[in-house]
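Chemist: Below is one structure. I have some questions about it.
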Amino acid sequence: MNRIFAFNEFFISKNVLKIAGIVFFCVLLFSTNMKSATFYVNSQQEFDNAQDASSMTDSIVWMAGTYSDIYMNIDKDNLTIMAENFGATIFTGASRVNITGDDITFQGFQFLNGNIGTQDVINIRGSHINFTQINIRAYTCYKYLRVREESQYVEITYCNFENRLNLDDQNILSILVDDTNPGYHKIRYCSFKNFEGIGNDQGIEPIRIGLSTQADHISRSIVEYCYFTKCDGDGEIISSKATQNVYRYNTFENNPKAELVLRHGSQAIVYGNFFLNGKGGVRVREGQNHFIYNNYFYELDDRAIYLQNNDSDPLDNINIAFNTIVDCAEVILGGDGNDKPTNVTISNNIFTNPDDDLFEEPTGTENWMGNISFGSLGISLPTNGVTMINPQLEENSEGFFGLSSNSPAINAAQPGYKLLPEFVGINDIDTEILFDLMGQDRPSIIAEKDLGCHEHPHNVLIQPIVTEENTGPSYNTSMISNLKNLPQVVNDLIKIHPNPVSEELRIEIKNESKSNLRIDIFNAEGKVVDTISMENIFPEKITLLRNVVDYPVGLYTIRATVQEFQKGVEKIQTVKFIKSGSRK
Numbered sequence: 022m023n024r025i026f027a028f029n030e031f032f033i034s035k036n037v038l039k040i041a042g043i044v045f046f047c048v049l050l051f052s053t054n055m056k057s058a059t060f061y062v063n064s065q066q067e068f069d070n071a072q073d074a075s076s077m078t079d080s081i082v083w084m085a086g087t088y089s090d091i092y093m094n095i096d097k098d099n100l101t102i103m104a105e106n107f108g109a110t111i112f113t114g115a116s117r118v119n120i121t122g123d124d125i126t127f128q129g130f131q132f133l134n135g136n137i138g139t140q141d142v143i144n145i146r147g148s149h150i151n152f153t154q155i156n157i158r159a160y161t162c163y164k165y166l167r168v169r170e171e172s173q174y175v176e177i178t179y180c181n182f183e184n185r186l187n188l189d190d191q192n193i194l195s196i197l198v199d200d201t202n203p204g205y206h207k208i209r210y211c212s213f214k215n216f217e218g219i220g221n222d223q224g225i226e227p228i229r230i231g232l233s234t235q236a237d238h239i240s241r242s243i244v245e246y247c248y249f250t251k252c253d254g255d256g257e258i259i260s261s262k263a264t265q266n267v268y269r270y271n272t273f274e275n276n277p278k279a280e281l282v283l284r285h286g287s288q289a290i291v292y293g294n295f296f297l298n299g300k301g302g303v304r305v306r307e308g309q310n311h312f313i314y315n316n317y318f319y320e321l322d323d324r325a326i327y328l329q330n331n332d333s334d335p336l337d338n339i340n341i342a343f344n345t346i347v348d349c350a351e352v353i354l355g356g357d358g359n360d361k362p363t364n365v366t367i368s369n370n371i372f373t374n375p376d377d378d379l380f381e382e383p384t385g386t387e388n389w390m391g392n393i394s395f396g397s398l399g400i401s402l403p404t405n406g407v408t409m410i411n412p413q414l415e416e417n418s419e420g421f422f423g424l425s426s427n428s429p430a431i432n433a434a435q436p437g438y439k440l441l442p443e444f445v446g447i448n449d450i451d452t453e454i455l456f457d458l459m460g461q462d463r464p465s466i467i468a469e470k471d472l473g474c475h476e477h478p479h480n481v482l483i484q485p486i487v488t489e490e491n492t493g494p495s496y497n498t499s500m501i502s503n504l505k506n507l508p509q510v511v512n513d514l515i516k517i518h519p520n521p522v523s524e525e526l527r528i529e530i531k532n533e534s535k536s537n538l539r540i541d542i543f544n545a546e547g548k549v550v551d552t553i554s555m556e557n558i559f560p561e562k563i564t565l566l567r568n569v570v571d572y573p574v575g576l577y578t579i580r581a582t583v584q585e586f587q588k589g590v591e592k593i594q595t596v597k598f599i600k601s602g603s604r605k
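Counting from 1 along the sequence shown, just add 21 to a position and that's the residue number in my numbering.
The following block contains the structure:
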């Protein structure tokens, strides 16, 4: 037996982020002889009903509009929950989401200007979650997104996290780590921006992976191709507090109070990032077997790299190689104190044009090899491994520095540095440094590799791989462009009676400004059976009478759409009624 799922018509704008007013109405029918069904919803009750009726591989689509106080408790497996048009479905007020199901795709929504007190906007306990094209901004809450310990394989892509209103000591995106099973989570192509604060230990880290109590838990999470700017809510842009995480291909730009921090845990890889115009690049507080390779550091005011002297879990086997550091404050080596870093290897880097000195706080036990330094060294010249010579860098059209053709850094790499580790389940780790920062091939022969993060000739223009423009959602996440002219789902636009109705249906319309009005009536199969259009109507209460004697008995839906000229607002309301048998 075929069951037909028919749902309310839905509004589509050809370019909902820029143009309002050119609309059309569609009805899609889905039957159980197909592999999946699609439910269109525009209220809490409709969402709840749709999830109750859904089966594996079904989709629940929220129609365009602004919704308040919506709670999505997604507890079924293998569903897609999405916006009808990416960015055109906005949740506000006390809206929040809890995902306990597995194999969930959640995409296309905005969460704006809400207030949920000490609750999280999104809480994930399920596994194999695809969380994409989400914008969360200007919420008062606990965390924007929390991935719990029991979750695995959560992929967060093309999202924007911005400007939490409360300055409480809680991070924005939190990934917790299980003591037995690695998470294998991925944060990719996301933007994190405009978190106000004083830096220091204020607590509003854009990303935190792990807790201090989870330092020895293996996470195997990746943050890649993400963009961070004006993240001032804590001194740590990323707070890494677990073992075996990878941070690569990101851009950290204009963060005057924060830096990437390897806070707890071991075996982190920081590879192929741009650190630009901020407080610092990488601070390493605790742990062993960390790798900082193939990065570009430029105009960092406090320090480029900071190895701390800490007694809780002293640093050991720290590897810094193939980096280019230009116009920055010192590289701090952690020599002041009783718990000096040990087995620090610094190889094949370029350090040039420091703000003051190139280095400070040496331990005296560093292993130097193949480095070029130019400027005030700040420490005694090591007996080998550091050559004081101008690296002959040249600035390109975008303001970034690479090697000139006569640079002494060309074909100057020295062997002895450690290869990057490979982690089970994480692909494409450049173990042997066969690529430069821009993805150009490096020679496999060490002596033919260039120093620093770029290989000459620079056939790919040196500039950040990721920017504000190519990360985050595909739609415009600015306040004006997304809130203006978007449809608003309301419940006070029309009233109908009687209901059930056998002969004449009375439709009362509350019109508050000069506008256009359209009313569509759909049968239970989703077909339009009647349409009423009125243009340039003035503010007034309107009563329409519709003869429904010839309608077959059954369930019908009225969708009323009003486009207000002055405010540029479109309001939508749907109401169901029952056509009963005619009176004898």
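We put the beta carbon where it would ideally sit given N, CA and C, even for glycine.
Taking all protein chains shown into account, decide if V583 is buried (16 or more other Cβ within 10 angstroms of its Cβ) or exposed.
Modeler: For the purposes of this step, residue 583 is identified with residue 562 of the sequence shown, where counting begins at 1. Residue environment for V583: buried (at least 16 other C-beta atoms within 10 angstroms of its C-beta).
Chemist: Rounded to the nearest angstrom, what separates R158 and T78 at their Cα positions?
Modeler: Counted from its first residue, the sequence shown places residue 158 at position 137. Counted from its first residue, the sequence shown places residue 78 at position 57. For R158 and T78, the distance between alpha carbons rounds to 30 Å.
Chemist: Could you work out which residue in V82, A74 and F456 is closest to V608 when comparing CA atoms only?
Modeler: What the structure shows of the chain is the stretch from 22 to 605, and residue 608 is not part of that stretch, so it cannot be assessed.
Chemist: Hey, out of K592, I553, I111 and Q128, whose CA is closest to Y160's CA?
Modeler: The sequence position of residue 160 within the sequence shown is 139, counting from 1. The residue with the shortest Cα to Cα distance from Y160 is I111.
Chemist: How far does the beta strand (DSSP E) with Q265 in it reach, from first residue to last?
Modeler: By 1-based counting over the sequence shown, the position of residue 265 is 244. For Q265, there is no enclosing beta strand (DSSP E), as DSSP gives it neither H nor E.
Chemist: By the three-class DSSP mapping on this structure, what secondary structure does E416 have?
Modeler: Within the sequence shown, numbered from 1, the residue matching residue 416 stands at position 395. Strand at E416.
Chemist: Pick out the complete beta strand (DSSP E) segments inside the stretch 509-583, 3 residues or longer, and give them in chain order.
Modeler: 515-518, 525-532, 536-543, 549-558 and 561-568
Chemist: Does the beta-carbon of Q594 have 16 or more other beta-carbons within 10 angstroms, so that it is buried, or is it exposed?
Modeler: Taking the sequence shown and counting its residues from 1, the one referred to as residue 594 is at position 573. Counting Cβ neighbours within 10 Å, Q594 comes out buried, since at least 16 surround it.
Chemist: Relative to the C-alpha of Y165, which candidate in G147, Q154, N192 and I393 has its C-alpha closest?
Modeler: The count along the sequence shown starts at 1 and reaches residue 165 at position 144. Nearest C-alpha to Y165: N192.
Chemist: Considering only the alpha carbon of each residue, which of D323, E320 and Q288 lies closest to I313?
Modeler: On the sequence shown, residue 313 is found 292 positions in, with the first residue counted as 1. The option with the nearest alpha carbon to I313 is Q288.
Chemist: Considering only C-alpha positions, which residue in the set P485, V244 and L398 is nearest to L458?
Modeler: As a working mapping, residue 458 is identified with position 437 in the sequence shown. When each option's Cα is compared against that of L458, the closest is P485.
Chemist: Going by DSSP, which residues form a beta bridge with Y319?
Modeler: Along the sequence shown, read from residue 1 onward, the residue named residue 319 stands at position 298. L297 and V347.
Chemist: Taking 6 Å as the limit between beta carbons, can you name the residues of its chain near N427, skipping five residues before and five after?
Modeler: As a working note, residue 427 is residue 406 in the sequence shown. Closer than 6 Å at Cβ, skipping near neighbours: Q413.
Chemist: Taking the continuous beta strand (DSSP E) assigned at D337, which residues delimit it?
Modeler: The residue given as residue 337 occupies position 316 in the sequence shown. Taken as a continuous stretch (DSSP letters only), the beta strand (DSSP E) holding D337 covers D337 to A342.
Chemist: Given a cut-off of 9 Å on the beta-carbon distance, is the pair V305 and V282 in contact?
Modeler: Counted from its first residue, the sequence shown places residue 305 at position 284. Counted from its first residue, the sequence shown places residue 282 at position 261. Yes, these two residues count as a Cβ contact at 9 Å.
Chemist: Just verifying my parser: in three-state terms, what is the DSSP assignment at E226?
Modeler: Position 205 of the sequence shown, counted from the first residue, corresponds to residue 226. In this structure, E226 counts as coil in the three-state DSSP scheme.
Chemist: Could you give the distance in angstroms between the alpha-carbon of I346 and the alpha-carbon of L133?
Modeler: What you label residue 346 is simply residue 325 of the sequence shown in a count that begins at 1. What you label residue 133 is simply residue 112 of the sequence shown in a count that begins at 1. Going by the C-alpha atoms only, they are around 39 Å apart.
Chemist: With distances taken Cα to Cα, identify the nearest neighbour of N512 among E525, T498 and E529.
Modeler: The residue labelled residue 512 in the question sits at position 491 within the sequence shown. Taking only the C-alpha atoms, the option nearest N512 is E529.
Chemist: At which residue ranges does the stretch 368-420 contain complete beta strand (DSSP E) runs of 3 or more residues, listed in the order of the chain?
Modeler: Those beta strand (DSSP E) runs which fall completely within the stretch 368-420 and span 3+ residues are 371-373, 388-390, 392-395, 407-409 and 414-416.
Chemist: Within a Cβ cutoff of 8 Å, which residues of the same chain sit near L188, ignoring the five residues on either side of it in sequence?
Modeler: Position 167 of the sequence shown holds residue 188. Contacts found: E217, G218, Q223, I225 and G254.
Chemist: With the cut-off set at 9 Å, would you say N316 and V291 are in Cβ contact?
Modeler: Position 295 of the sequence shown holds residue 316. Position 270 of the sequence shown holds residue 291. Cβ atoms of N316 and V291: closer than 9 Å.
Chemist: Hey, is the stretch 63-71 in contact with the stretch 116-129, meaning 3+ C-beta pairs nearer than 8 Å?
Modeler: no
Chemist: If we count Cβ pairs, one from each stretch, closer than 8 Å, do we get three or more for the stretch 367-376 versus the stretch 386-397?
Modeler: yes
Chemist: Within a Cβ cutoff of 7 Å, which residues of the same chain sit near N480, ignoring the five residues on either side of it in sequence?
Modeler: Residue 480 sits at position 459 when you count from the first residue of the sequence shown. Hits under 7 Å: Q461.
Chemist: Taking C-alpha atoms, which residue in P375, A325 and N344 lies nearest to L354?
Modeler: The residue you call residue 354 lines up with position 333 of the sequence shown. The shortest C-alpha separation from L354 is found at A325.
Chemist: Helix, strand or coil, according to DSSP, for A434 in the structure here?
Modeler: As a first step, residue 434 must be located in the sequence shown, where it is residue number 413. In the structure shown, A434 sits in coil (DSSP, three-state: anything other than H, G, I, E or B).
Chemist: Going by C-alpha to C-alpha distance, which of S233, I150 and L186 sits closest to Y205?
Modeler: Numbered from its first residue, the sequence shown carries residue 205 at position 184. Out of S233, I150 and L186, I150 has the C-alpha closest to the C-alpha of Y205.
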